[in-house]
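J.: Protein chains in written order, with my numbering: chain L, 2 to 88; chain X, 1185 to 1844. If you scroll down you'll find the structure; I have some questions about it.
Structure, rendered in structure tokens:
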């Protein structure tokens, strides 16, 4: 298994690369599926929003992220498509 | 007047609806409890209120969300009552910004204002009211505060008829205004925005000039217009938030503390197993069967008493037989299971209202993803241990079509409460001290069957791409015990009603078919009755896992289609009938069912558990799958699997019986 690189402040990464407790600012949403993309936007994943990885499910997927004062669960494969800047 | 109750999922809509109408709708603490609209009347008024499925946005992602959007568009709604979660204002307001763009007045109820206060969230209501240009009323649906004020405002119509302030940047605003002028429909602003977003569902609204306008604006922005609009909305909300809401941030909530344990990497799954084990130990296991024996004593003595009373009154033989052997033996046998079902319903209701369901979906999603299902499939599965019908309907919250269809087809495999009597009866008689383990093994069996069938279906029927999973984790809530007990009471009452109507009719039908021959001769020996003739035609189907050609068992299993509890009712009638005098329900001592061995008993349970569900559930599958063809597919698939597994189980266990 590839060891996860620990990202530092200001690094560019995808949301799925963050470890538990790390925060990041969304830079770009690369989601292709139109309905899914719209839903992610509706849920508040807009450019510039702050997201914290709150926990990861015991089996490694999905992730529980915190944004805009609430918690949202998403699968890793969808978080791979969200570019962020680590804070 | 028509009031539509609109809010995010899990914002407390149904609780408020119940308070406003005095009605009791189903509530729970997982997103998507309300999957169909429900109508009621606001107390002390003649206003109709409609409880609609929760939505995050007016752009639907699942079918149940589309119900809400379509309702607002197609019905003449006079007022939108928008309920917001005060502890989660930022995301809640996003929907409000969309509702305010419709040509319908909006009244905002800020729910959970007490919890917000506890958490140190201070909201400047006046400022918020100014900015949204709408009337705002803080309430707590759970503590029932502010609800009276709300009813008064609705009744007197003393809410602001909002003239929503424009929230977009200058260019966008200008373009929207021009677009609106081109439009002739209701909800101009909302449609103008949809046209800008290039949402094809609204293409029909395009006028000559509007297409060009949209194109030129898109060129200017060089960005996805959908994203531009969402950004602008959230930018406006952030601006309001900074001014109107004060909160001490790094506050560790009760939910956080609980999740540290419940969602802990190592503890999450053991805790889940322990909880589920406790639920089924209490409902299906030794504790549940104890309650059955307890009630059974009374029902049996009631049967004997009735027989004596009718004899003393000089009732004819056939009418005595109808009441005692038909009605009491069949429908009365159902009463035995009421305490057991009440326990099961109470525990499920508790799980639903605490917020634990969403968390199960979260940490087990990975397992279900592997076999082509979603973590959200677990919600129907758990509800399915109560009843398949609401469970099948709750699959609507799953976005992906394949996952949804598979979940619908697999939900009936979960032993529902009506199958509990079958398990209790067989496990209790044949496995005595081990009955707890045997009934637990059947639930375990169900899990394995679901996972392997899902895997097979994924390979054969629905080869598709990996889907997505979007689920909000709600805060934990202490259940409202009043609502919970009412919910359990309603379900128990529905069960009694079923026993008093469908089971009663079916029991009389069985008694009739059993008492008469095809030449309508009363009192023929059971094996010459109509029922026996019908059973004999099909008994070969069950032979491979019963080891016996039994018309009695065959017709009983067939009646599972009417309702699963009817299997037991029918066996009770048939057994009681051949005994001459019906004293209690000594089913397995009767000549009809004495052939059962532990192996065939287990196989018979397996067959009844996994074969086609009752007509009610088949109807629900038909509705949710969309076509009759798919429904038949599901029914044959389920019955086929049940037959194969029952046969394997019997043949395997039978070897031991022969050897030992």
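Virtual Cβ for every residue (Gly too), placed ideally from N, Cα, C.
I'd like the span of the alpha helix (DSSP H) that includes residue 1399 of chain X, first residue to last.
T.: 1392-1405
J.: Taking DSSP as the reference, what is the three-state secondary structure of residue 1226 of chain X?
T.: coil
J.: With respect to the beta strand (DSSP E) encompassing residue 1191 of chain X, which residues constitute its N-terminal and C-terminal limits?
T.: For residue 1191 of chain X, the enclosing beta strand (DSSP E) stretches over residues 1186-1191.
J.: Kindly give me the distance between the Cβ atoms of residue 1570 of chain X and residue 1527 of chain X, rounded to whole angstroms, as I take these residues to be in contact under 8 Å.
T.: The Cβ separation is near 11 Å, so there is no contact.
J.: Which residues share a DSSP beta bridge with residue 1430 of chain X?
T.: X:1306
J.: Go ahead and label residue 1743 of chain X buried or exposed: buried means 16 or more other beta carbons lie within 10 angstroms of its beta carbon, across all protein chains shown.
T.: buried
J.: Alpha carbon to alpha carbon, how far is residue 1657 of chain X from residue 1724 of chain X?
T.: 51 Å
J.: Give me, in chain order, the residues of the same chain whose beta-carbon lies closer than 7 Å to that of residue 1452 of chain X; leave out the 5 immediate sequence neighbours on both sides.
T.: The answer, listed in chain order, is 1446, 1547.
J.: Tell me whether the segment 1557-1575 of chain X and the segment 1776-1794 of chain X touch, counting them as touching only if at least three CB pairs, one residue from each stretch, are closer than 8 Å.
T.: no
J.: If you follow the beta strand (DSSP E) that residue 25 of chain L is part of, which residue opens it and which one closes it?
T.: 24-30
J.: For residue 1877 of chain X, name the three-state secondary structure that DSSP assigns.
T.: The structure shown does not extend to residue 1877 of chain X, since chain X is modelled only from 1185 to 1844, so the question has no answer here.
J.: Under 8 Å, CB to CB, which of the residues in the segment 1405-1423 of chain X have a partner in chain L?
T.: 1410, 1411, 1414, 1415, 1418
J.: Could you check whether the segment 1728-1744 of chain X touches the segment 1469-1489 of chain X, counting it as contact only if at least three pairs of C-beta atoms, one from each stretch, sit closer than 8 Å?
T.: no
J.: Using only the alpha-carbon positions, how far apart do residue 1520 of chain X and residue 1679 of chain X sit?
T.: Rounded to whole angstroms, residue 1520 of chain X to residue 1679 of chain X spans 12 Å at the Cα level.
J.: According to DSSP, simplified to helix, strand and coil, what is residue 1706 of chain X?
T.: strand
J.: Assuming residue 1619 of chain X and residue 1612 of chain X form a contact by the criterion Cβ under 8 Å, report the distance between their Cβ atoms to the nearest whole angstrom.
T.: 5 Å
J.: Residue 1764 of chain X to residue 1748 of chain X, Cα distance in whole Å?
T.: Here residue 1764 of chain X scores only 44 on pLDDT, less than 50, and its place in the model is too uncertain to base an answer on.
J.: When you compare only the Cα positions, how much space is there between residue 1364 of chain X and residue 1380 of chain X?
T.: A straight-line Cα-Cα distance of about 11 Å links residue 1364 of chain X and residue 1380 of chain X.
J.: With a threshold of 7 Å between beta-carbons, can residue 1452 of chain X be considered close to chain L, or not?
T.: yes
J.: Would you mind working out which of X:1322, X:1242, X:1282 sits nearest residue 1301 of chain X, comparing C-alpha positions?
T.: Among X:1322, X:1242, X:1282, the Cα nearest to that of residue 1301 of chain X belongs to X:1322.
J.: Is any beta-carbon of chain X found at less than 7 Å from that of residue 45 of chain L?
T.: yes
J.: Apart from the five residues just before and just after residue 1584 of chain X, which ones in its own chain have a Cβ nearer than 6 Å to its Cβ?
T.: 1651
J.: Count the other CB atoms, across all protein chains shown, that sit within 10 Å of the CB of residue 1599 of chain X; report buried if there are 16 or more and exposed otherwise.
T.: buried
J.: So residue 1522 of chain X and residue 1676 of chain X are in contact, right, with Cβ under 8 Å, and what is the actual spacing, rounded?
T.: 6 Å
J.: Runs of 4 residues minimum, wholly inside the segment 1552-1576 of chain X: which ones carry the alpha helix (DSSP H) assignment?
T.: 1562-1568
J.: My guess is that residue 7 of chain L and residue 20 of chain L are in contact by the Cβ rule of under 8 Å, so how many angstroms apart are they, rounded?
T.: The C-beta distance from residue 7 of chain L to residue 20 of chain L rounds to 7 Å, short enough to fall under 8 Å.
J.: DSSP state of residue 1596 of chain X, grouped into three classes?
T.: Reduced to three states, the DSSP call for residue 1596 of chain X is helix.
J.: What do you reckon, are the CB atoms on residue 1735 of chain X and residue 1719 of chain X nearer than 7 Å?
T.: yes
J.: Between which two residues does the beta strand (DSSP E) holding residue 74 of chain L run?
T.: 71-75
J.: Would you please verify whether the beta carbon of residue 60 of chain L is less than 7 Å from any beta carbon of chain X?
T.: Chain X contact via Cβ: present.
J.: How would you list, in chain order, the residues of chain X whose beta-carbon sits under 9 Å from the beta-carbon of residue 80 of chain L?
T.: For residue 80 of chain L, no chain X residue has a C-beta closer than 9 Å to its own C-beta; the minimum C-beta separation is roughly 10 Å.
J.: Applying the 10 Å Cβ sphere with the 16-neighbour rule, what's the burial state of residue 1199 of chain X?
T.: buried
J.: Which chain X residues are close to residue 37 of chain L, counting only those with a beta carbon under 7 Å from its beta carbon?
T.: 1652
J.: Contact between the segment 1288-1299 of chain X and the segment 1321-1337 of chain X: three or more CB pairs below 8 Å?
T.: yes
J.: Could you tell me whether the Cβ of residue 1240 of chain X comes closer than 7 Å to any Cβ of chain L?
T.: yes
J.: Short check: CB of residue 1833 of chain X to CB of residue 1606 of chain X, under 7 Å?
T.: Note that the C-beta distance between residue 1833 of chain X and residue 1606 of chain X is not below 7 Å.
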